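The structure appears below as structure tokens.
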Amino acid sequence: MKTVRVRFAPSPTGRLHIGGARTALFNWAYARRQGGKFLLRIEDTDRERSTLEFERAILEGLSWLGIDWDEGPDIGGPCAPYRQTERVERHREYAARLLAKGAAYHCFCSSERLEALREGQSARKEKPAYDRKCANLAKAEVDAQLAAGVKPVVRFNVPAGTTRFQDHVRGEVSFDNKEVDDWIMVRADGMPIYNFVVVCDDIDMGITHVFRGEEHLVNTPKQVLLYEALGEMVPEFGHLPLMLGTDGKKLSKRTGDTALQDYHERGYPKEAIINFLCLQGWALNGSTEIFSIDDLVANFDIKDVTKAGAIFDIDKFQWMSGEYIRKDSVEHLAAMCTPFVIKAGLATQAELDARKEWFLRIVRGEQERIRTYSELPARIGFLFAKDEAVIYEADAEKNARKQPAGLATLADYRVWLAEALQQRKTTAELRDGTKAWVGARGVKMPVLYQPLRCALTGQAGGPDLFDLIELLGGDHALARIDAALIRLAAAV
RNA sequence: GGCCCCAUCGUCUAGCCCGGCCUAGGACACCAGGUUUUCAUCCUGGCGACAGGGGUUCGAAUCCCCUUGGGGUCACCA
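Heads up: the first sequence at position 417 corresponds to 417 in our numbering, and the numbers run straight through without jumps.
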């Protein structure tokens, strides 16, 4: 049996799309599972929109996810080059072969004529298609046009019949060739078109399986016909269900972030991104939600991919992201969060390095509360704030003011706390002592805790208050209580 | 509109290919309760689906047909 060779062939006309990332992941996992090769090819025949920066960003994105490739534009390989624009000579050879066989023909129709043709057809409610005006030109006429300097396009001469292929996710798919237009393979400027190059390159690179998004399903008959005209082995296909936005349509910027990088920047752990992407169209076993990229490789089969499109559920994604964060080691989590903390202006790298243990404890305190790395800064900002400038969030202040005896209690507690701090009580002692103090005073816990939390953090929720006092330092804790005594006493 | 693809809880899905074990399972979200100094975590419970109609069969979520609904695609883009 032939070795599996699959590829991911992005077009460097934008950042790596989240759907593209999933396509890459599934191709890669298939290759790894089957012991085959995974290659990367850059489809840059659209010279207007393709850039080297996008290409680099796409490669980086894939590497970041943990996808590696056996052949590609950056590392080369036996089928180099891996950029389509560098292979146009090969494409011209294929075009010449097809032309010679009569499987393709020169077309001299102008864009204007084509446009008028389409307009007329749609006005008459006919399907837009080329009328094959140039399909049967005499050789002399072709030569004359060529000699006159008219630049032709090359069209594929679609034969009559029906084109069928087995799709690994959909089963048999068939198209009447009448539905397939005599599509353009090579532009007038000599640059080949996607549907043509993809076949040439897949042949030259020995691609055995083509797994791509469902939007390519209608391109497949064109490509199958091309393989057949060339007398080449048709690869196996698998069309992945589309990833949909909340509007049920193909995921677009309209309904949410579409680039892998967006999610990276929003602080989603990459393991969560991978896991979630996998779940869009594939399931490990129907009951295991959390699994690793290794589990994917060990279990992935194209036949298990779902047929229906999947709506991107950001809620579930956030939940999953939180699961990964809770599972993470504090050290790693802190490292992942650090860029976000710095970016938020809370501290510099040097400042965090200088208080490494302190920062680690902060992260540990928030680990079960954040769902993405980017949520950390907003939650811990109070720890970096000036004592008199802690921002009181509405909920926190409301909770504090809700306690009628709150302020008086806080004022008395401040005295006790100052004393306890003086005696260098440990955090545990402080905690136990406070509980005893509240008990002795004969009030409910929240009477003290709500105003105290507001004073210290300005937030309605958060980690244990005594851990916070330790993190803050006793003097700062007292200063914050003093500030709160004034601020909370003021009329609303 | 033509063609193609698809159709299980609001969402992601298991089950479907090889009909019975499905009183349709899991997860997110939501709701209720428990734990807790708060929030969160965690635990318990609840809500909630085989799009509709015909067949085939002793028996259909599973097979077939139709209808409806949704999506994709109709470029000298990929």
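Glycine is no exception: its CB is placed at the ideal position from the N, C-alpha and C atoms.
In this text the structure is predicted, and so the values were computed from the model without any measurement.
Check                                                                                                                                                            : Outcome
What number of angstroms, rounded off, separates the C-alpha of Thr-258 from the C-alpha of Val-443?                                                             : 53 Å
Determine, using beta carbons only, whether Ser-11 and Glu-55 come nearer to each other than 7 Å.                                                                : no
From Ala-489 to Leu-407, what distance separates their C-alpha atoms?                                                                                            : 7 Å
In terms of DSSP beta bridges, what is Val-210 paired with?                                                                                                      : Phe-237
The beta strand (DSSP E) with Lys-327 in it runs from where to where?                                                                                            : Unbroken run through Lys-327 is the alpha helix (DSSP H), 314-327; no beta strand (DSSP E).
Relative to the alpha-carbon of Ile-18, which residue among Ala-428, Asp-262 and Ile-481 has its alpha-carbon at the smallest distance?                          : Asp-262
In the stretch 420-477, which residue ranges form an unbroken alpha helix (DSSP H) of at least 4 residues, counting only runs that do not cross its ends?        : 427-441, 445-457 and 465-472
Hey, Val-199 and Ile-193 are a contact pair by Cβ (cut 8 Å); roughly how many whole angstroms apart?                                                             : Not quite, the Cβ-Cβ distance comes to about 11 Å (not below 8 Å), so this is no contact.
Once DSSP output is grouped into helix, strand and coil, what is the label at Pro-192?                                                                           : strand
To the nearest whole angstrom, what separates the beta carbons of Leu-98 and Ala-188, a pair I think is in contact under 8 Å?                                    : Actually they do not touch by this definition, with Cβ atoms about 17 Å apart.
Under 8 Å Cβ to Cβ from Glu-393, same chain only, skipping five residues before and after it: list those, please.                                                : Gly-458, Gln-459 and Ala-460
Report the rounded CA-to-CA distance for Thr-372 versus Tyr-268, giving the unit in angstroms.                                                                   : 5 Å
Could you give the residue range of the beta strand (DSSP E) that holds Gly-120?                                                                                 : It is not in any beta strand (DSSP E) - Gly-120 instead sits in the alpha helix (DSSP H) that spans 111-123.
Which residues in the same chain have their Cβ closer than 6 Å to the Cβ of Trp-437, if we skip the five residues on either side of it in sequence?              : Trp-416
Based on Cα-Cα distance, which residue from Phe-26, Gln-223 and Glu-115 lies nearest to Leu-296?                                                                 : Phe-26
Are the CB atoms of Phe-175 and Val-210 nearer to each other than 7 Å?                                                                                           : no
Hey, would you say Phe-196 sits closer than 7 Å to Val-150, going by beta carbons?                                                                               : no
When the Cα atoms are used, what is the spatial distance from Arg-155 to Ala-100?                                                                                : 13 Å
Looking only at its chain, what residues have a beta carbon closer than 7 Å to the beta carbon of Gln-34, apart from the 5 residues adjacent to it on each side? : Val-4
Does DSSP put Leu-251 in a helix, a strand or coil?                                                                                                              : coil
What is the DSSP secondary structure of Thr-220, counted as helix, strand or coil?                                                                               : helix
Any contact of the stretch 300-317 with the stretch 267-282, i.e. 3+ C-beta pairs under 8 Å?                                                                     : yes
So for Gly-309, helix, strand or coil by DSSP?                                                                                                                   : coil
Report the three-state DSSP secondary structure of Ala-259 (helix, strand or coil).                                                                              : strand
Hey, could you find the ends of the alpha helix (DSSP H) Met-336 is sitting in?                                                                                  : 330-343
Please confirm whether Leu-456 and Leu-471 have their CB atoms less than 7 Å apart.                                                                              : no
To the nearest angstrom, how far is it from the Cα of Pro-235 to the Cα of Ile-207?                                                                              : 7 Å
If you drop the 5 nearest sequence neighbours on each side, which residues of the same chain put their C-beta closer than 7 Å to that of Gly-161?                : Asn-177
Thinking C-beta only, is Pro-221 closer than 7 Å to Val-169?                                                                                                     : no
Using only alpha-carbon positions, find the residue among Gly-381, Ile-273, Glu-368 and Val-173 that is nearest to Asp-328.                                      : Glu-368
What residues match up with Leu-284 in a beta bridge as DSSP calls it?                                                                                           : Bridge partners of Leu-284: none, in fact.
Ordered along the chain, which non-local residues of its own chain (more than five positions away) have a Cβ less than 7 Å from that of Asp-131?                 : Leu-117
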